[in-house]
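Colleague: This is the structure I have questions about; it appears just below.
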Amino acid sequence: MALSDLNPVERNEEGIAAVLGILKQQLGERFQTGQAIRSQHAHTTTYIPTQAPDGVAFPETTAEVQEIVRACAAHRVPVIAFGVGSSLEGHTNAPGGGISVDTSRMNRILAVNPQDLDCTVEPGVTREDLNRHLRDTGLFFPIDPGANASLGGMAATRASGTNAVRYGTMRENVLSLTAVMADGETVTTGKRAKKSSAGYDLTRLLVGSEGTLGIITSLTLKLQGIPQAISGGVCPFPSVEAACNAVIATIQMGIPVARIELVNALQMRAMKNYSKLDYPESPCLFVEFHGSDAGVAEQAETFGMIAEENGGGPFLWTSVAEERTKLWKARHDAYWSSLTLRPGAKGLSTDVCVPISRFAECVLETEADIAEMGLIAPIVGHAGDGNFHVLVLMDVNDPKEIALSEKFVARLNMRAIAMDGTCTGEHGIGQGKIGFLRHELGHGVDIMRTIKQALDPQNIMNPGKILPDEGH
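Okay, so the sequence shown: first residue is 0 according to numbering that gives the first Met the number 0, each after it adds one.
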C-alpha cells in the first residue's frame, strides 16, 4: 500500500449540515467554519495531503466535549480530536469531513501531588506549560517528543522522545485518564495508585488509540524529581556502525544514560549549518546524564571510554545549562534543519524501532537503500531504545520521486518488522502507516477491529486512521 492510498471515508452531507447548525448554536464564537481555521486543523506537517474538517469546535469542559460528541453521534458525523497539530502521520486529517475538537482551551492543571509524584491535567496543557508550572516544586514531566505537543495528543499517539531510554514513553507515564466515548458518555480508567490489578487495563487501551476510541479530557501523569546534576555532550564517530556499537555497549553496561541520540553525517551537516554547531560533519552521538554531581561525572567518563574503544572521540561534555540547551535545541530542530538540505522540498517523515541488538544493522541497511535510490534522507535516532527517524526530502510534483520515496519507506518498515521490530516507535499509525499494521500484528488487527466496532459502532471517532479498510 502506498502512503497516498488513504482509507476512504464516506461523507454524510445531511448529517454534517445538521451538526454545523447545532454546534454554532451551542458554542457561538467557539465554533468556526472559516477555510483558514479548517485547513490549519488538518495540517500534517509532512507530505500526507491535507483533508480539512467542516468545522472546528473549541470546548472548555468535559461536558462540552460530551455535547459535541452526542450531536455528532446522533447524525453519524466524524469527530477528530486536535491538540496542537504536531503529529506526523495524518492523525488530524478529516477524510470524511466532520468536526475537529480543538482542546487548546482545556488547558488547566487540575492538581499537583508532590508527595505522590503525580499530577492531573487537561488535554490542552503542553509539556512546556506543565514543566514551567512544576519548576518551583522540584519536579518535572520527562517525556520530551521535541515539539511542544499537548499532553492529550502525546497520550493519544503514545508519544515518547529523546529521554525514553531513561524515563519510558507515555505508555509508562499515564496513570489514568478520563475520556469521552463515542456515545457521549465518559469513562475514567483508574485512580492515582502506582499499580493496579483491577480488571482490563483501559488506560493502556486508550493511550495510543489516536482518538479512534474516545477523546481524552483529563489525564493523571507520573512526575520525576529534577536531577541534582545534568551533564551532556557530543561525541563524533568514524562511522554509523561505530556509533551504534557504542550505544549497545553503553546500554549493556547498565549506564543510566538519560538521552543517547544518533545523528548521521548528513543530518549533522544540516544541524551545523542551521543551528551553528561547531562539531565535525560525521556520525555523532548526543548524550545526557542525570544524577548527582559525582554520578554524572562518572557516567560521562565511562561513556567516553566506551566511545574511545569504538573509535569515537573526543567526547566533550559540559554541565553548563546554556550549552546543553543549545545542544538539545539543535537536536529538536533536526526536522527544520533537514529541510534546508533541499530548499522547496517536502519532507516524508517515517520512524521505526527494532531491538537494540539489530539497531546498527537496520540503520546501515537503511543508509545503503538511501544511497542506492539516490535519495536525500538524513537519519536521527533515539538510539538507546532502538528507534530512529528518516526524513525523505522530495519533490511532491514529481510522481516518480514520490513513488521512489514510498518504495523506500515501505522497505524500511518491512525491514524493521522482519527484525522483530515495529513500523512505528512513536509517530503512531494515523494514515501514513496503515498499510504496515497487518504485516506487523496479523490477527491482532482483527482483535483491534472488534474493539473499535464495540466501542464506536458508527465509526465516528477519527475514522480512516489506524485500521486498514480491507473491504470493511
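No residue lacks a Cβ here, since even glycine has one placed at the ideal position from N, Cα and C. Computed from a predicted structure; not experimentally measured.
Excluding the five sequence neighbours on either side, which residues of its own chain have a C-beta within less than 6 Å of the C-beta of A329, listed in chain order?
Modeller: Taking the sequence shown and counting its residues from 1, the one referred to as residue 329 is at position 330. So the list reads M270, S274 and L276, once near-sequence residues are dropped.
Colleague: Output yes or no for whether 9 Å exceeds the beta carbon distance between V246 and L284.
Modeller: Counting from 1 along the sequence shown, the entry for residue 246 is found at position 247. Counting from 1 along the sequence shown, the entry for residue 284 is found at position 285. Yes, they are a contact pair.
Colleague: Could you tell me which of S404, R134 and K464 sits nearest to K432, measuring between CA atoms?
Modeller: In the sequence shown, residue 432 corresponds to position 433, counting from 1. Nearest C-alpha to K432: K464.
Colleague: In chain order, what residues of the same chain lie with their CB nearer than 6 Å to the CB of D384, ignoring the 5 residues before and after it?
Modeller: The count along the sequence shown starts at 1 and reaches residue 384 at position 385. The residues are A163 and V164.
Colleague: Look at the alpha carbon of F441 and the alpha carbon of V68, and state the distance between them as a whole number of angstroms.
Modeller: For the purposes of this step, residue 441 is taken as residue 442 along the sequence shown, with counting starting at 1. For the purposes of this step, residue 68 is taken as residue 69 along the sequence shown, with counting starting at 1. Before going further, note that residue 441 is Gly rather than Phe in the sequence given. Between G441 and V68, the C-alpha separation is close to 32 Å.
Colleague: Excluding the 5 residues flanking D332 on each side, which residues of the same chain have their C-beta closer than 7 Å to its C-beta?
Modeller: Here residue 332 refers to the residue found at position 333 of the sequence shown. Within the same chain, D332 has close Cβ partners Y273 and S274.
Colleague: Ends of the alpha helix (DSSP H) at E280?
Modeller: The residue you call residue 280 lines up with position 281 of the sequence shown. Per DSSP, E280 belongs to no alpha helix (DSSP H) and is neither H nor E.
Colleague: CB Q31 to CB A51, shorter than 9 Å?
Modeller: Here residue 31 refers to the residue found at position 32 of the sequence shown. Here residue 51 refers to the residue found at position 52 of the sequence shown. Contact flag unset, no.
Colleague: Among R437, T168 and S238, which has the Cα closest to the Cα of V262?
Modeller: Numbered from 1 along the sequence shown, position 263 holds the residue referred to as residue 262. Here the closest residue by C-alpha is S238.
Colleague: Taking the C-alpha atoms as reference points, what is the distance between V351 and Q24?
Modeller: By one-based count along the sequence shown, residue 351 stands at place 352. By one-based count along the sequence shown, residue 24 stands at place 25. Answer to the nearest angstrom: the Cα atoms are 45 Å apart.
Colleague: Counting only the same chain and skipping the five closest in sequence on each side, list residues whose C-beta sits under 6 Å from that of S230.
Modeller: Looking up residue 230 in the sequence shown gives position 231. Only F288, V295, A299, W316 and S318 meet the Cβ criterion.
Colleague: Look at the Cβ atom of E322, then the Cβ atom of F314, and state whether they are nearer than 9 Å.
Modeller: The residue you call residue 322 lines up with position 323 of the sequence shown. The residue you call residue 314 lines up with position 315 of the sequence shown. Not in contact: E322 and F314 (Cβ atoms no closer than 9 Å).
Colleague: Exposed or buried, which one is K451 when buried takes at least 16 other CB atoms within 10 Å?
Modeller: To locate residue 451, count along the sequence shown from 1; it is residue 452. Buried, by the Cβ-count rule.
Colleague: Thinking C-beta only, is S175 closer than 9 Å to T168?
Modeller: Sequence index remark: in the sequence shown, residue 168 carries index 169 (1-based). Sequence index remark: in the sequence shown, residue 175 carries index 176 (1-based). Contact flag unset, no.
Colleague: Is E405 near C422, with beta carbons less than 9 Å apart?
Modeller: Position 406 of the sequence shown holds residue 405. Position 423 of the sequence shown holds residue 422. Going by C-beta atoms, E405 is not nearer than 9 Å to C422.
Colleague: Between which two residues does the beta strand (DSSP E) holding C352 run?
Modeller: On the sequence shown, position 353 is the one that residue 352 refers to. From DSSP, the beta strand (DSSP E) with C352 extends over K345 to C352.
Colleague: Any idea if K194 is buried or exposed, counting beta-carbon neighbours within 10 angstroms, 16 or more meaning buried?
Modeller: In the sequence shown, the residue the question calls residue 194 occupies position 195. K194 should be labelled exposed.
Colleague: Could you give the residue range of the beta strand (DSSP E) that holds D117?
Modeller: Within the sequence shown, residue 117 is the residue found at index 118, counting from 1. D117 to V120 is the extent of the beta strand (DSSP E) around D117.
Colleague: Checking 9 Å against the spacing of the C-beta atoms, do G420 and V362 come in under that value?
Modeller: In the sequence shown, the residue the question calls residue 420 occupies position 421. In the sequence shown, the residue the question calls residue 362 occupies position 363. No. Outside cutoff.
Colleague: What residue range does the beta strand (DSSP E) around N386 cover?
Modeller: Taking the first residue of the sequence shown as 1, we reach residue 386 at position 387. Boundaries of the beta strand (DSSP E) around N386: N386 to M393.
Colleague: Reducing DSSP to helix, strand and coil, say where Q452 ends up.
Modeller: On the sequence shown, position 453 is the one that residue 452 refers to. Correct three-state label for Q452: helix.
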